[in-house]
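J.: So that you can map any letter, position 47 of the sequence shown is 666 in this note's numbering, and since no number is skipped, the others follow by simple counting. By construction, the Cβ of each residue, glycine as well, lies at the ideal position given by its N, Cα and C atoms.
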Amino acid sequence: MSVNVSTKTMVGWMLVVGPILAFVVWGLLYDAIIGNSDAEGAAGIMANLQLGQDGGILTYIFAILGSCGFIAMLIAFSLKCRSILEENGNGLAAVGLITFVLSAVLITAGTSISYAAQGTFGKGGEENMGAAVSMEMMSQAIGAGMPLFMGISFLLLGLAITSLKKTTSNTVISWLFIAVSVFMLITVFVPDLFEGIVGMIAWLIMTLTAVYYGVSTLRE
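Dropping the structure here:
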């Protein structure tokens with residue numbers, strides 16, 4: 620048996636399914652089912668780890684599905700950058716390819732450490748719980764760099780798309796990605812600005828933009 624899926628089809632579906640999966644799981648289901656503590660600092664991390672422990676296997680399933688969806692989206696964006704680079708040699712696409720890959724690496728590292736932290740916390744004991752909190756702090760520190768890398772990546776992709784054939788779809792997509800990049804880069808300097816509902820709206824806009832790009836890719 621031979622399975623042969625074109626890169627365009629694979630990338631298109633990754634851009635459609637990936638961001639939706641990440642948004643639904645991480646943005647909606649996790650908080651609704653597992654929960655999220657309002658406490659800050661180490662106390663908040665400890666509380667969230669306990670909530671994750673109470674969630675049982677569902678916590679791990681959500682972590683895997685959400686991270687896979689987000690990583691799939693970033694890999695698809697890197698492949699779109701490669702496609703633009705191969706088409707016209709755009710240097711912005713070349714750099715965007717690298718920054719999207721770096722973003723995927725950060726997400727992978729952060730979620731892997733968080734996954735391990737949850738497992739360590741589940742072993743019980745003061746020493747294990749303390750280690751789990753430290754690991755989760757490390758995961759959050761890695762995640763703190765995501766808005767910068769992704770903001771730069773989306774800006775590069777949006778600008779690179781302007782070098783393609785002038786169509787309504789390409790124009791809309793390029794400006795949407797530039798707008799998303801502005802949102803993300805602002806959060807680097809004003810992290811509290813997009814907390815709560817505003818942050819969810821910004822995330823939803825990014826998700827819809829990625830899905831639109833995926834649908835456009837499938838229709839090419």
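1. Leaving aside the five residues before and after Thr739 along the sequence, list all residues of the same chain whose C-beta is less than 6 Å from its C-beta, in chain order.
2. Are the beta-carbon atoms of Phe681 and Leu648 separated by less than 8 Å?
3. For Gly744, count the other beta carbons within 10 Å of its own beta carbon; 16 or more makes it buried, fewer makes it exposed. Which is it?
4. For Pro810, report the span of its alpha helix (DSSP H) as first-last.
5. With a threshold of 16 other CB atoms inside 10 Å of the CB of Phe719, please say whether the residue is buried or exposed.
6. Just the Cα atoms here: how many angstroms apart are Val830 and Gly729?
7. Is the Cβ-Cβ distance between Leu711 and Ala779 less than 8 Å?
8. Hey, could you find the ends of the alpha helix (DSSP H) Asn667 is sitting in?
9. Hey, how far is the Cα of Gly654 from the Cα of Lys785?
10. From which residue to which residue does the alpha helix (DSSP H) around Lys627 run?
11. By alpha-carbon positions, which one of Val635, Met825, Tyr734 and Lys742 ends up nearest to Met757?
12. Counting only runs of 4+ residues fully inside the stretch 779-833, write out the alpha helix (DSSP H) ranges in chain order.
13. Please look up how many angstroms separate the CB atoms of Phe696 and Leu776, rounded, as I've assumed it's under 8 Å.
14. Along the alpha helix (DSSP H) that carries Ala728, what are the first and last residues, could you check?
15. To which residues of the same chain is Phe761 closer than 8 Å at the C-beta, ignoring the five residues directly before and after it?
16. Which of helix, strand or coil does DSSP assign to Glu705?
17. Under 6 Å Cβ to Cβ from Phe796, same chain only, skipping five residues before and after it: list those, please.
18. How many angstroms separate the CA atom of Gly770 from the CA atom of Gly708?
19. Out of Met633, Met665 and Tyr679, state which residue places its alpha-carbon closest to the alpha-carbon of Gly688.
20. Taking only the alpha-carbon atoms, compute the straight-line gap between Ser793 and Leu827 and give it to the nearest angstrom.
21. Nearest to Leu783 by CA position, among Lys699, Gly741, Gly818 and Arg838, is which residue?
22. Taking only the alpha-carbon atoms, compute the straight-line gap between Val714 and Asn667 and give it to the nearest angstrom.
T.: Taking the geometry as given:
1. Here residue 739 refers to the residue found at position 120 when the sequence shown is read from its first residue. Only Asn747, Ala750 and Ala751 meet the Cβ criterion.
2. For this step, residue 681 is matched to residue 62 along the sequence shown. For this step, residue 648 is matched to residue 29 along the sequence shown. Their beta carbons are under 8 Å apart, which means Phe681 touches Leu648 by this criterion.
3. Counting from 1 along the sequence shown, the entry for residue 744 is found at position 125. By the neighbour-count rule (16 or more Cβ atoms within 10 Å), Gly744 is not buried but exposed.
4. Taking the first residue of the sequence shown as 1, we reach residue 810 at position 191. No alpha helix (DSSP H) holds Pro810; DSSP gives it neither H nor E.
5. Against the sequence shown, residue 719 aligns to sequence position 100. Buried is the call here.
6. As a position in the sequence shown, residue 830 is number 211, starting the count at 1. As a position in the sequence shown, residue 729 is number 110, starting the count at 1. Between Val830 and Gly729, the C-alpha separation is close to 24 Å.
7. Your numbering for residue 711 matches position 92 in the sequence shown. Your numbering for residue 779 matches position 160 in the sequence shown. Contact flag set, yes.
8. Against the sequence shown, residue 667 aligns to sequence position 48. Its alpha helix (DSSP H) spans residues Gly660 to Gly674.
9. Looking up residue 654 in the sequence shown gives position 35. Looking up residue 785 in the sequence shown gives position 166. Computed Cα separation, rounded: 46 Å.
10. Your numbering for residue 627 matches position 8 in the sequence shown. Counted as a single uninterrupted DSSP element, the alpha helix (DSSP H) harbouring Lys627 occupies residues Thr626 to Ala641.
11. As a first step, residue 757 is located in the sequence shown; it is residue number 138 there, counting from the start. Minimum Cα-Cα distance from Met757 among the listed residues Val635, Met825, Tyr734 and Lys742 corresponds to Tyr734.
12. 787-808
13. Looking up residue 696 in the sequence shown gives position 77. Looking up residue 776 in the sequence shown gives position 157. Correct: roughly 6 Å between the Cβ atoms.
14. Mapped onto the sequence shown, residue 728 falls at position 109. Gly710 to Gly741 is the extent of the alpha helix (DSSP H) around Ala728.
15. By 1-based counting over the sequence shown, the position of residue 761 is 142. One detail in the question is off: residue 761 reads as Ile in this sequence, not Phe. Hits under 8 Å: Leu725, Ala728, Gly729 and Ile732.
16. Taking the sequence shown and counting its residues from 1, one reaches residue 705 at position 86. Glu705: helix per DSSP, three-state reduction.
17. Indexing the sequence shown from 1 puts residue 796 at position 177. Here the set comprises Phe773, Leu776 and Gly777.
18. Within the sequence shown, the letter at position 151 stands for residue 770. Within the sequence shown, the letter at position 89 stands for residue 708. The alpha-carbon atoms of Gly770 and Gly708 are separated by roughly 22 Å.
19. Residue numbering aside, residue 688 sits at position 69 when the sequence shown is read from its first letter. Ranking Met633, Met665 and Tyr679 by Cα distance to Gly688 puts Met633 first.
20. As a position in the sequence shown, residue 793 is number 174, starting the count at 1. As a position in the sequence shown, residue 827 is number 208, starting the count at 1. Their Cα atoms are separated by approximately 13 Å.
21. The residue labelled residue 783 in the question sits at position 164 within the sequence shown. Of Lys699, Gly741, Gly818 and Arg838, the residue nearest in Cα terms is Lys699.
22. Numbered from 1 along the sequence shown, position 95 holds the residue referred to as residue 714. Numbered from 1 along the sequence shown, position 48 holds the residue referred to as residue 667. Near 37 Å, if we compare the C-alpha coordinates of Asn667 and Val714.
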